[in-house]
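Heads up: the structure comes next, in structure tokens.
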Amino acid sequence: MANILLVPVCAHVRVAEAAAELAAVLPDAAVFDALADEAEALALLAAGKNDDWFDALVGRALAAGAANLVIAGITPDAEKALLAVQNTGLATSFNARVVLLADAAHSDAQRLRLAKQAFAGANVEVAGVIGADQAAAEAAGLKSFGRTGALENTADLAAAQETRLSPAQFRFNMIEAARRADKRIVLPEGAEPRTVQAAAICHEKGLARCVLLAPREEVLSVADQVGVTLPDSVEIIDPATLVEQYVAPMCELRKSKGLTPEQAREQLQDTVVLGTMMMAQNDVDGLVSGAVHTTANTIRPALQLIKTAPGASMVSSVFFMLLPGQVLVYGDCAVNPNPTPEQLAEIAIQSADSAKAFGIEPRVALISYSTGTSGAGPDVDAVAEAVALAKAKRPDLVVDGPLQYDAATVPGVAKSKAPNSPVAGQATVCIFPDLNTGNCTYKAVQRNANVLSVGPMLQGLRKPVNDLSRGALVEDIVYTVALTAIQAAQMA
Numbered sequence: 001m002a003n004i005l006l007v008p009v010c011a012h013v014r015v016a017e018a019a020a021e022l023a024a025v026l027p028d029a030a031v032f033d034a035l036a037d038e039a040e041a042l043a044l045l046a047a048g049k050n051d052d053w054f055d056a057l058v059g060r061a062l063a064a065g066a067a068n069l070v071i072a073g074i075t076p077d078a079e080k081a082l083l084a085v086q087n088t089g090l091a092t093s094f095n096a097r098v099v100l101l102a103d104a105a106h107s108d109a110q111r112l113r114l115a116k117q118a119f120a121g122a123n124v125e126v127a128g129v130i131g132a133d134q135a136a137a138e139a140a141g142l143k144s145f146g147r148t149g150a151l152e153n154t155a156d157l158a159a160a161q162e163t164r165l166s167p168a169q170f171r172f173n174m175i176e177a178a179r180r181a182d183k184r185i186v187l188p189e190g191a192e193p194r195t196v197q198a199a200a201i202c203h204e205k206g207l208a209r210c211v212l213l214a215p216r217e218e219v220l221s222v223a224d225q226v227g228v229t230l231p232d233s234v235e236i237i238d239p240a241t242l243v244e245q246y247v248a249p250m251c252e253l254r255k256s257k258g259l260t261p262e263q264a265r266e267q268l269q270d271t272v273v274l275g276t277m278m279m280a281q282n283d284v285d286g287l288v289s290g291a292v293h294t295t296a297n298t299i300r301p302a303l304q305l306i307k308t309a310p311g312a313s314m315v316s317s318v319f320f321m322l323l324p325g326q327v328l329v330y331g332d333c334a335v336n337p338n339p340t341p342e343q344l345a346e347i348a349i350q351s352a353d354s355a356k357a358f359g360i361e362p363r364v365a366l367i368s369y370s371t372g373t374s375g376a377g378p379d380v381d382a383v384a385e386a387v388a389l390a391k392a393k394r395p396d397l398v399v400d401g402p403l404q405y406d407a408a409t410v411p412g413v414a415k416s417k418a419p420n421s422p423v424a425g426q427a428t429v430c431i432f433p434d435l436n437t438g439n440c441t442y443k444a445v446q447r448n449a450n451v452l453s454v455g456p457m458l459q460g461l462r463k464p465v466n467d468l469s470r471g472a473l474v475e476d477i478v479y480t481v482a483l484t485a486i487q488a489a490q491m492a
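Numbered according to full-length UniProt numbering, the sequence shown spans residues 1 to 492.
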């Protein structure tokens, strides 16, 4: 029902005792100590692996199996002063209600306001305070939950929370699902440095069984240059040894186009084509490419050899944007330059289904420079028509538009611009009107806000083929491989 994070505002409180007392008065509640393994926390945080620590904590908390979880935050004492800054990350990772834990003698209104301000912009609810003087709590704009030994008004803390998937929860779910899937994923750019590093990480974490298409000497040379030791489990296959076995199957798949064996051999020199044929013949479960190749180079062979999925009229893409405190889905930011209203509706439906498949409740906003009827013109009309088409085709989905981005995602703006919208202020899926808008927006958010973007994940194909940005980071490739493995399991 709810996660509650107790955040000490001074070194004079006993957070473990307060957490136990609060859990005792909440239904089906358990206490979770964020620093139960302090050595692990120190090692990961000092190495800059904050996300790994938060992901691990989310996994352990899930194992508790409690409806309500009271998380003991980090006390800002002399020993943990540098660790205490991670309380904000704990709040966003667990999508937790924050309850400040104070000592009346050391927590005046100003200190409480400062503690509250630490969570400004973090997309979390600061529910109130335990232990502060009533007047100080009121002056700081905080609800009082009494003090330790005499808690009060705690029932509100167990109220159901807004369904929102945090980045840590998304990453944990994705990693666990990829491990369960245990799929074989081909990487046609097998000697590309970032790809080699990503393959090593995927095997270390058990995310997928990667196949690198490149001569072994080249791969090992690149691995040595980037300081990576490839696990023995990483398959390295020289593409020259595979070409001949796929000539006849490729000719059969393309017989309507009159493909000759000579033409097939020539096309199979392209490792993306070769990898796509491996998937067409069920020798691998998915393909990830694009660190060097263009989107067109990655998608074209899939459209020719894999084809679209039943019921799909087109291929589109989404990015999972891991914003602070929430994961949003952006589409289409990689494939379709100028979609028609019919195509825009299909992109919205595909993206909503992808969101749901990865644990995100889809509330779909079709983005425009106009909210409702505040603006006019052919671009706005096209978005409005797409909304109508999507609603008619899938009445089960929550879809609205045209909405400006701020109206779609910011509750305060939504109240003034679209007060009657079922989506405004709480959109989880944002559909952009064209590729120009979508691609620029995702890159701006990714780079300037330092947001991890997972994808692009392609939608509408019969088997999973996923493209990478040529500016992809190693972690981008790792997560795209994981997504591909999960897609393969879902499509099986």
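By construction, the Cβ of each residue, glycine as well, lies at the ideal position given by its N, Cα and C atoms.
- For the candidate residues Phe94, Val423, Asn50, Lys463, whose alpha-carbon lies nearest to that of Ile306? Lys463
- Sorted by chain position, which residues of the same chain lie with C-beta nearer than 7 angstroms to Ala118's C-beta, five sequence neighbours on each side aside? Result list for Ala118: Thr88, in chain order.
- Taking only runs that begin and end inside the stretch 157-221, name each unbroken beta strand (DSSP E) of 3 or more residues, in chain order. Runs of the beta strand (DSSP E) inside the stretch 157-221: 184-187, 209-213.
- Query: With respect to the beta strand (DSSP E) encompassing Asp467, which residues constitute its N-terminal and C-terminal limits?
  - Reply: For Asp467, the uninterrupted beta strand (DSSP E) run begins and ends at 465-467, by DSSP.
- Endpoints, the alpha helix (DSSP H) within which Met277 is located: Where Met277 is concerned, the enclosing alpha helix (DSSP H) stretches over 271-280.
- Query: Going by the CB atoms, is the gap between Gln225 and Pro188 shorter than 8 angstroms?
  - Reply: Against a cut-off of 8 angstroms, the Cβ pair of Gln225 and Pro188 comes out as no contact.
- Message: Suppose contacts are defined by Cβ-Cβ distances below 8 angstroms. Is Ala102 in contact with Ile130 by that definition?
- Response: yes
- Close Cβ partners of Leu328 (< 7 angstroms) along its chain, the five nearest in sequence each way excluded: Met321, Thr428, Cys430
- Go through its chain and collect everything with a Cβ distance to Arg180's Cβ below 8 angstroms, but skip five positions before and after it. Cβ neighbours of Arg180 beyond the five flanking positions: Ala489.
- Item | Best match in Val292, Ala280, Thr294 for proximity to Ala302 [C-alpha to C-alpha] | Ala280
- Using three-state DSSP, classify Ser421 as helix, strand or coil. coil
- Query: Between the C-alpha atoms of Val474 and Ser233, what's the straight-line distance to the nearest angstrom?
  - Reply: 19 angstroms
- Pair within 8 angstroms by beta-carbon distance, Tyr369 and Gln404: yes
- Query: Roughly how many angstroms lie between the CA atoms of Gly59 and Asp381, to the nearest whole one?
  - Reply: 45 angstroms
- Task: Assess, as a yes-or-no matter, whether the stretch 443-462 is touched by the stretch 308-315 under the definition of 3 or more beta carbon pairs within less than 8 angstroms.
- Result: yes
- Item | Pro395, buried or exposed, once every other Cβ within 10 Å from all chains shown has been counted against 16 | That one is exposed.
- Can you list, in chain order, the residues of its chain whose CB lies under 7 angstroms from that of Arg265, leaving out five sequence neighbours each side? Val243, Val247
- Task: Kindly indicate which three-state DSSP category Asp238 falls into: helix, strand or coil?
- Result: coil
- Query: What residues in its chain sit with their C-beta under 7 angstroms from that of His203, if we drop five residues either side in the sequence?
  - Reply: Cys210, Pro231, Ser233, Val234
- Which one of Phe32, Ala384, Ala19, Gly377 has the shortest CA to CA distance from Leu366? Ala384
- Message: Does Gln269 pass the burial test, meaning 16 or more other C-beta atoms within 10 Å, or should it be called exposed?
- Response: exposed
- Task: Could you tell me which of Glu38, Pro433, His12 sits nearest to Leu83, measuring between CA atoms?
- Result: Glu38
- Message: Suppose you measure from the CA of Val481 to the CA of Gln343; what does that come to, to the nearest Å?
- Response: 27 angstroms
- Query: Where Asp51 and Ser166 are concerned, what is the direct C-alpha to C-alpha distance, given to the nearest angstrom?
  - Reply: 12 angstroms
- Just the C-alpha distance for Pro386 and Val410, rounded to the nearest angstrom, thanks. The question names Pro, yet the displayed sequence has Ala at residue 386. Rounded to the nearest angstrom, the two C-alpha atoms are 23 angstroms apart.
- Message: With a threshold of 8 angstroms on Cβ separation, who are the neighbours of Val398 within its own chain once the five nearest residues in sequence on each side are excluded?
- Response: Pro362, Arg363, Val364, Pro422, Val423
- Message: Rounded to whole angstroms, what is the Cα-Cα separation between Pro341 and Gly290?
- Response: 28 angstroms
- Task: Report the three-state DSSP secondary structure of Phe54 (helix, strand or coil).
- Result: helix
- Task: Report the three-state DSSP secondary structure of Met491 (helix, strand or coil).
- Result: Annotated three-state conformation of Met491 is helix, per DSSP.
- Query: Since Lys393 contacts Ile349 with CB under 8 angstroms, what's their CB separation in whole angstroms?
  - Reply: 6 angstroms
- Query: Could you give the uninterrupted runs of the beta strand (DSSP E) lying entirely in the stretch 95-156, keeping only those of 3 residues or more?
  - Reply: 97-101, 126-130
- Query: To the nearest whole angstrom, what separates the beta carbons of Ala67 and Ser107, a pair I think is in contact under 8 angstroms?
  - Reply: In this structure, Ala67 and Ser107 do not form a Cβ contact; the two beta carbons are roughly 30 angstroms apart against a cut-off of 8 angstroms.
- Query: For Gly438, which of helix, strand or coil comes out of DSSP?
  - Reply: helix
- By how many angstroms is the C-alpha of Lys255 removed from the C-alpha of Gly377? 46 angstroms
- Message: What would DSSP say about Thr308, mapped onto helix, strand or coil?
- Response: strand
- Message: Ignoring anything shorter than 3 residues, give me the beta strand (DSSP E) runs that lie fully in the stretch 308-391, in order along the chain.
- Response: As for any beta strand (DSSP E) of minimum length 3 sitting wholly inside the stretch 308-391, the runs are 316-323, 326-331, 363-367, ordered along the chain.
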